[in-house]
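As they're listed, the protein sequences go chains V and F.
So in our numbering, spot 134 of the first sequence is number 806, and the numbers just go up one at a time.
So in our numbering, spot 123 of the second sequence is number 795, and the numbers just go up one at a time.
We put the CB at the ideal spot given by N, CA and C, even for glycine.
The structure under discussion appears below in the form of structure tokens.
2 protein chains.
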Amino acid sequence: MAGNSRFAVSVHILAYLAYRKEGAVSSSEIAASVGTNPVVIRRLLSALVKARLVTAQKGASGGFALASTPAGIPLLAVYRTVEPKPDHGLNRFAPNHRCPVGARIESVLQGIFFKAQAGMEAELARVNVAEVERQLHAVCARKP
Amino acid sequence: MAGNSRFAVSVHILAYLAYRKEGAVSSSEIAASVGTNPVVIRRLLSALVKARLVTAQKGASGGFALASTPAGIPLLAVYRTVEPKPDHGLNRFAPNHRCPVGARIESVLQGIFFKAQAGMEAELARVNVAEVERQLHAVCARKP
DNA sequence: GTTTAATGTAACCAAGAACGTTACTCTTAA
DNA sequence: TTAAGAGTAACGTTCTTGGTTACATTAAAC
Chain V
673 MAGNSRFAVS VHILAYLAYR KEGAVSSSEI AASVGTNPVV IRRLLSALVK ARLVTAQKGA
733 SGGFALASTP AGIPLLAVYR TVEPKPDHGL NRFAPNHRCP VGARIESVLQ GIFFKAQAGM
793 EAELARVNVA EVERQLHAVC ARKP
Chain F
673 MAGNSRFAVS VHILAYLAYR KEGAVSSSEI AASVGTNPVV IRRLLSALVK ARLVTAQKGA
733 SGGFALASTP AGIPLLAVYR TVEPKPDHGL NRFAPNHRCP VGARIESVLQ GIFFKAQAGM
793 EAELARVNVA EVERQLHAVC ARKP
């Protein structure tokens, strides 16, 4: 994952839209739940709309809504939409190609990072927004 | 993973120590292979020594060496040693607890992140430094 | 013993990323 | 026609990262 909160906030947004089922929800209302600025919410929603996970309605009484049922939105799609491509630090890594190790380590690391990333994404593929909603209720039951 | 290159550089270091089998290797020699400053190398090695993955020899003709066979060093141990605890952005995330979603989303996200992290770490547990060394030679064969 | 080469670490700096914020334009329901 | 809201650019602050200098400590070699 990464050092930002984009994915966490995006899942919160989608869970909130699922919770508020009916109608268009404004970025201000979502921002109040997330505890941040409406512009931050709109920035993320801009990406989620482009990825067709959410629909937007401009103008007065406009707002956002899920583009499909909660069960139709896997968290992996959310992750890939809002998270920048993970490079695992390989961008700031420029080994000496005149050294036998330095010349070849990058492609080895790429293979390792690819598998690690795939292992993580496989778990995100197993969860969708409906499951998040279900877990929210389960937490609720544990904190009566 | 994260936005830094600590894990990538650490694997490079260990691969280099495995490649240079005999004797103590100085941080300057490693830095020349990695393409960075010796202090950066020593900072990472300081953590790897504390984790008992590497041994250090102070004084003239001192340096570093693997603490065990390359096969005895899984990359997961390296990852856990040099990488700060991944929080997946949950530190900068302070939802409104007066909202039913905001009050419960954090614990749901923690569960999701834990599984995603475990999926990634499971892949890192399958690789050790000996395997990295083997793959370095395989890359060599492909680039004769 | 003295010298020399090395680790160990603190301190500082520059570059970049992340996020909040302000300030707009554009759109549309009422 | 107005008011509410999306869309987006621009900017500042804070934090992280990695490079760099500097210096104390250690130990082999002579």
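Output the distance between the C-alpha atoms of residue i and residue j, rounded to the nearest integer angstrom.
| i | j | result |
| --- | --- | --- |
| arginine 715 of chain V | lysine 693 of chain F | 52 Å |
| leucine 717 of chain F | leucine 748 of chain V | 35 Å |
| arginine 776 of chain F | glutamate 805 of chain V | 10 Å |
| alanine 766 of chain V | asparagine 768 of chain F | 43 Å |
| proline 746 of chain V | valine 801 of chain V | 6 Å |
| glutamate 701 of chain V | glutamate 803 of chain F | 52 Å |
| tyrosine 691 of chain F | arginine 724 of chain F | 19 Å |
| valine 773 of chain V | histidine 809 of chain F | 9 Å |
| glutamine 782 of chain F | asparagine 676 of chain V | 15 Å |
| glutamate 778 of chain F | alanine 739 of chain V | 24 Å |
| alanine 719 of chain V | glycine 731 of chain V | 19 Å |
Would you check if the distance between the CB atom of residue i and the CB atom of residue j is smaller than 9 Å?
| i | j | result |
| --- | --- | --- |
| isoleucine 685 of chain F | valine 706 of chain F | yes |
| serine 682 of chain V | valine 750 of chain V | yes |
| arginine 678 of chain F | glutamate 795 of chain F | no |
| alanine 680 of chain V | histidine 760 of chain F | yes |
| alanine 743 of chain F | threonine 727 of chain F | no |
| proline 758 of chain F | alanine 674 of chain F | yes |
| valine 721 of chain F | glutamine 807 of chain V | no |
How would you call residue i, buried or exposed, if buried means at least 16 neighbouring beta carbons within 10 angstroms?
| i | result |
| --- | --- |
| alanine 788 of chain V | buried |
| asparagine 709 of chain F | exposed |
| alanine 703 of chain F | buried |
| glycine 695 of chain F | exposed |
| phenylalanine 786 of chain F | exposed |
| threonine 753 of chain V | buried |
| glycine 791 of chain F | buried |
| arginine 734 of chain F | Going by the sequence as given, residue 734 of chain F is glycine instead of arginine. Exposed. |
In this structure, how does DSSP classify residue i when only helix, strand and coil are distinguished?
| i | result |
| --- | --- |
| threonine 753 of chain V | helix |
| glycine 735 of chain V | strand |
| proline 746 of chain V | strand |
| alanine 728 of chain V | strand |
| valine 697 of chain V | strand |
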